[in-house]
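There are 2 protein chains.
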Amino acid sequence: MLVIQKFGGSSVGKPERIRRVAKRVVDTKRQGNDVVVVVSAMGDTTDELLELMYKVTDNPPKREMDMLLSTGEQISISLLSMAINDLGEKVKSLTGAQVGIRTDNVHTKARIVDVDRDRMQKELAGGNILVVAGFQGINDANDITTLGRGGSDTTAVALAAALNADVCEIFTDVDGVYTTDPRVVPEARKLNTITYDEMLELAHLGAQVLHPRSVECAKIYGIPIHVRSSFNHNPGTLVKEVENMEKAMVVTGVAHDINVARIGLFDVPDKPGIAWQIFRSLAGENINVDMIIQSAMRDDINDISFTVGRTDLRKTLEIVEKIKDEVNIKSYSHDEDVAKVSIVGAGMVTNPGVASLMFEALAQESINLEMISTSEIKISCIVKSTQAEKAVRALHKKFNLDQEQPCDCCS
Amino acid sequence: MLVIQKFGGSSVGKPERIRRVAKRVVDTKRQGNDVVVVVSAMGDTTDELLELMYKVTDNPPKREMDMLLSTGEQISISLLSMAINDLGEKVKSLTGAQVGIRTDNVHTKARIVDVDRDRMQKELAGGNILVVAGFQGINDANDITTLGRGGSDTTAVALAAALNADVCEIFTDVDGVYTTDPRVVPEARKLNTITYDEMLELAHLGAQVLHPRSVECAKIYGIPIHVRSSFNHNPGTLVKEVENMEKAMVVTGVAHDINVARIGLFDVPDKPGIAWQIFRSLAGENINVDMIIQSAMRDDINDISFTVGRTDLRKTLEIVEKIKDEVNIKSYSHDEDVAKVSIVGAGMVTNPGVASLMFEALAQESINLEMISTSEIKISCIVKSTQAEKAVRALHKKFNLDQEQPCDCCS
Chain A
9 MLVIQKFGGS SVGKPERIRR VAKRVVDTKR QGNDVVVVVS AMGDTTDELL
59 ELMYKVTDNP PKREMDMLLS TGEQISISLL SMAINDLGEK VKSLTGAQVG
109 IRTDNVHTKA RIVDVDRDRM QKELAGGNIL VVAGFQGIND ANDITTLGRG
159 GSDTTAVALA AALNADVCEI FTDVDGVYTT DPRVVPEARK LNTITYDEML
209 ELAHLGAQVL HPRSVECAKI YGIPIHVRSS FNHNPGTLVK EVENMEKAMV
259 VTGVAHDINV ARIGLFDVPD KPGIAWQIFR SLAGENINVD MIIQSAMRDD
309 INDISFTVGR TDLRKTLEIV EKIKDEVNIK SYSHDEDVAK VSIVGAGMVT
359 NPGVASLMFE ALAQESINLE MISTSEIKIS CIVKSTQAEK AVRALHKKFN
409 LDQEQPCDCC S
Chain B
9 MLVIQKFGGS SVGKPERIRR VAKRVVDTKR QGNDVVVVVS AMGDTTDELL
59 ELMYKVTDNP PKREMDMLLS TGEQISISLL SMAINDLGEK VKSLTGAQVG
109 IRTDNVHTKA RIVDVDRDRM QKELAGGNIL VVAGFQGIND ANDITTLGRG
159 GSDTTAVALA AALNADVCEI FTDVDGVYTT DPRVVPEARK LNTITYDEML
209 ELAHLGAQVL HPRSVECAKI YGIPIHVRSS FNHNPGTLVK EVENMEKAMV
259 VTGVAHDINV ARIGLFDVPD KPGIAWQIFR SLAGENINVD MIIQSAMRDD
309 INDISFTVGR TDLRKTLEIV EKIKDEVNIK SYSHDEDVAK VSIVGAGMVT
359 NPGVASLMFE ALAQESINLE MISTSEIKIS CIVKSTQAEK AVRALHKKFN
409 LDQEQPCDCC S
């Protein structure tokens, strides 16, 4: 088998952890597999580099930021390779440039365009374990780029796709993907399998195990992702295409996200192009708008509500204030004491009663819903942030997520 | 003009120093020059990386050491480029690989084979200041190599040669090359010019301003090196080919080196191949032997004395003990309380009385000479280390080095 293994920054954050990861990699190799390892920068390296940088300038060019930050993974791949060498296996570290991870030109947020196979295949054929720098690539000008958030997960999946790997193992500090946050619901259960779409919704919703980018990439290329613990050898959660849609669980998991703020725009003219005017301004400032709800109040005016990340709230309000007159927004409000609670499940689309079950569970706990948004495989509600955990517990119980599901046996 | 400027690790050791270097680079650019800057890793970076490395392994593969250590310059080039950008000039940092500094495959001690011009010329034509990582290159396998000691100076000179630069400025914490160590002789005088060969001898002898490798490279390609202070704008010392040999100073400088140990081998058979046997064993362990003196005592046996760096003494003695019986060395001794004192001057070759003047000066101070070695442009003596500084002062005075020389006006 060809196995891609990805270890994050905390897994290689200290010398002894690097040696432990080396042991795990070598074990996998000695089970008869070819192994390509992707690692992030060690624990605090990136923060330390940024701290140093801000002592030099407040206004770093992005090309030079990538030059700087890409050293973080270069340090961790060399150290991990040394530790693997100590255990007696042939090993080579490779930067993104050396592999040939080609990206676009968007420094600090580059997207992978293509991955060369030649160097990796040659080194694998030579019996080497490969240790590849995550998070980084190279553009057409031969300049170093970094991939931004979720970059190392994405590197791992992209290498798996390029090399047609059998599995891409993502090692984390949890045992896998859970039906909900175990810190909120102690009965939360580890899922054996989950579909790409479910994982995408959960990842977007703040489950924080896998970055959505990597899941999207895995879905496109059909790469199975095995999310598992770096602390034990238990099987984790396999993210893969559902084999039998009918057998899919109705609700797979419950997620909540407290990094949410809600903005309400009142008495907005009901004219074509108004929404475009508003959300173009926000996109121009790189503000990611999540839920958008427009409710027709009267014939000629609307209320528009939307949510943004709480950290973007201040900037969002500045923009709203600036465009208020131009767009003819009469007034607006905001609320940052809110949270988003969602249920996700690929089987939801064929089970029309799911939404009403959700609303019932929340009503029984006297939880008021401020906004509702649905997709084919998820339903999200905005609630008071003080009620978020209660909502999660109620939903987890309502959908029997603490009990093994009959259809969760296809792994 | 095209100017190459090289700044060492201490010049870029702190954020405020990086900004000061940026100012200097930008000043040079604004005087109408094209500028390529070569920088070393910041102050302690290399030591910190090594410390981290030894927490992971005691036995690092050299390829991975190069992968690790090359991050040091990558950090400093990105930060310096950010500081230059802050001052409003176009700038790009380039790693050794991005420039195309091609080396052989000897990891941690690679030698430069070739330097690509294309990328640098393209970026210079675009109006950019270039900030290039010193000390590193790339081999035929596309692997990162480092150049070992003196690497950054050598990078600067190699870039100057490749680009046919007008001058290569090496910035240090001293004002230039002195007739001797000013800490030993307060009257020591800064030289306006010095030939490559004189500089080579002084560099080898521990003057520690320029690494011999870079001087050798500059001599081959006829690149003038300007050694100057990073703290002021005074002209420093120009290292270049002598224009009028007859005018060359008899003695240019006095150097001393206390990193010396002397080994004496007694009653060694006077047979062909013996010296080869001994010094092959030392070379095999990478021990650099400096002076070698063989004096015929009787018909069939010799005494052989040689010096090594003091840090290599223990290993040297181990090797001597190991080969003693095989080579038939009857006994041996060592002395680490010695130092080497040398005078250097391109005019020496045409002035036969120089050696006797040197011996006279040392005899007048009752300094005993334990070994003597001469070349066309230098004479070195091994003396007791406690007498080394006294010897330097006596020689500096004897050759009137504290006075401006009539022939030191060709700069």
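If you read the protein sequences in the order shown, they are chains A and B. Residues 9 to 419, numbered by my numbering, are exactly what the first sequence covers, in order. Residues 9 to 419, numbered by my numbering, are exactly what the second sequence covers, in order. Using N, Cα and C, we set each Cβ at its ideal position, and we do this for glycine too.
Following the DSSP letters along the chain, one finds residue 146/A in no alpha helix (DSSP H) but inside the beta strand (DSSP E) bounded by residues 144–146. Leaving aside the five residues that flank residue 190/A on each side, the residues in its chain whose CB is nearer than 7 Å to its CB run, in chain order, 196.
Closest in C-alpha terms to residue 88/B, from the list 296/B, 47/B, 355/B and 265/B, comes 47/B. For residue 26/A, the three-state secondary structure derived from DSSP is helix. The Cβ atoms of residue 228/A and residue 166/A lie no closer than 8 Å to each other. Ranked by Cα distance from residue 338/A, the first of 381/A, 278/A and 323/A is 278/A. For residue 144/A, no chain B residue has a C-beta closer than 9 Å to its own C-beta; the minimum C-beta separation is roughly 12 Å.
For residue 335/A, same chain residues with a beta-carbon under 8 Å away, outside a window of 5 residues either side, are 276, 277, 282, 285 and 286 in chain order. It is roughly 21 Å from the alpha-carbon of residue 22/B to the alpha-carbon of residue 36/B.
Counting only runs of 4 or more residues that sit fully inside the region 175–255 of chain B, the alpha helix (DSSP H) segments are 204–210 and 220–229, in chain order. Annotation for residue 206/B: 260, 261, 352, 353, 354 and 385 place their beta carbon closer than 8 Å to its own, counting only its chain and skipping 5 residues before and after. Per DSSP, the continuous alpha helix (DSSP H) segment holding residue 94/A begins and ends at 70–94.
Straight-line measurement puts the Cα of residue 157/B at about 50 Å from the Cα of residue 296/A. Between residue 273/A and residue 312/A, the gap from beta carbon to beta carbon is short of 8 Å.
Here residue 52/A is exposed. Its C-beta has fewer than 16 other C-beta atoms within 10 Å. For residue 96/A, the closest alpha carbon among the candidates 242/A, 319/A, 136/A and 200/A is that of 136/A. DSSP, reduced to helix, strand and coil, places residue 409/B outside both helices and strands of the structure shown, so it counts as coil.
Of 94/A, 244/A, 15/A and 100/A, the smallest CA-CA separation from residue 75/B is found for 100/A.
Under a 10 Å Cβ-count criterion, residue 62/B is classified as exposed, with fewer than 16 other Cβ atoms of the shown protein chains found around its own Cβ. Considering only 129/A, 154/A and 84/A, the residue with the shortest C-alpha distance to residue 117/A is 154/A. At a beta-carbon threshold of 9 Å, the residues of chain A lying near residue 27/B are 64 and 65, ordered along the chain. Within chain B, the C-beta atoms nearer than 8 Å to that of residue 105/A come from 105, in chain order. Interface with chain A (8 Å Cβ-Cβ cutoff): residue 150/B is included. At a cut-off of 8 Å between beta-carbon atoms, residue 380/A makes no contact with chain B. For residue 101/B, the nearest beta carbon of chain A is closer than 8 Å to its own beta carbon. By the rule that beta-carbons nearer than 8 Å mark a contact, residue 129/A does not touch chain B. Any Cβ of chain B closer than 8 Å to the Cβ of residue 373/A would place that residue at the interface, and such an atom is absent. Residues of the region 71–87 of chain B with a Cβ closer than 9 Å to any Cβ of chain A, in chain order: 71, 72, 73, 74, 75, 76, 77, 78, 79, 80, 82, 83, 85, 86 and 87. Chain B places a beta carbon closer than 8 Å to that of residue 93/A, counting this residue as a contact.
When DSSP states are grouped into helix, strand and coil, residue 125/A belongs to the coil group.
At a cut-off of 8 Å between beta-carbon atoms, residue 160/A makes no contact with chain B. Residues of chain B whose Cβ lies closer than 8 Å to the Cβ of residue 48/A do not exist; the shortest such Cβ separation is about 15 Å. Just measuring C-alpha positions, the residue of 240/A, 224/A, 241/A and 399/A sitting nearest residue 233/A is 224/A. Rounded to whole angstroms, the separation of the alpha carbons of residue 105/A and residue 150/A is 8 Å.
Leaving aside the five residues that flank residue 84/A on each side, the residues in its chain whose CB is nearer than 6 Å to its CB run, in chain order, 20, 47, 49 and 50.
Ranked by Cα distance from residue 289/B, the first of 327/B, 11/B and 280/B is 327/B.
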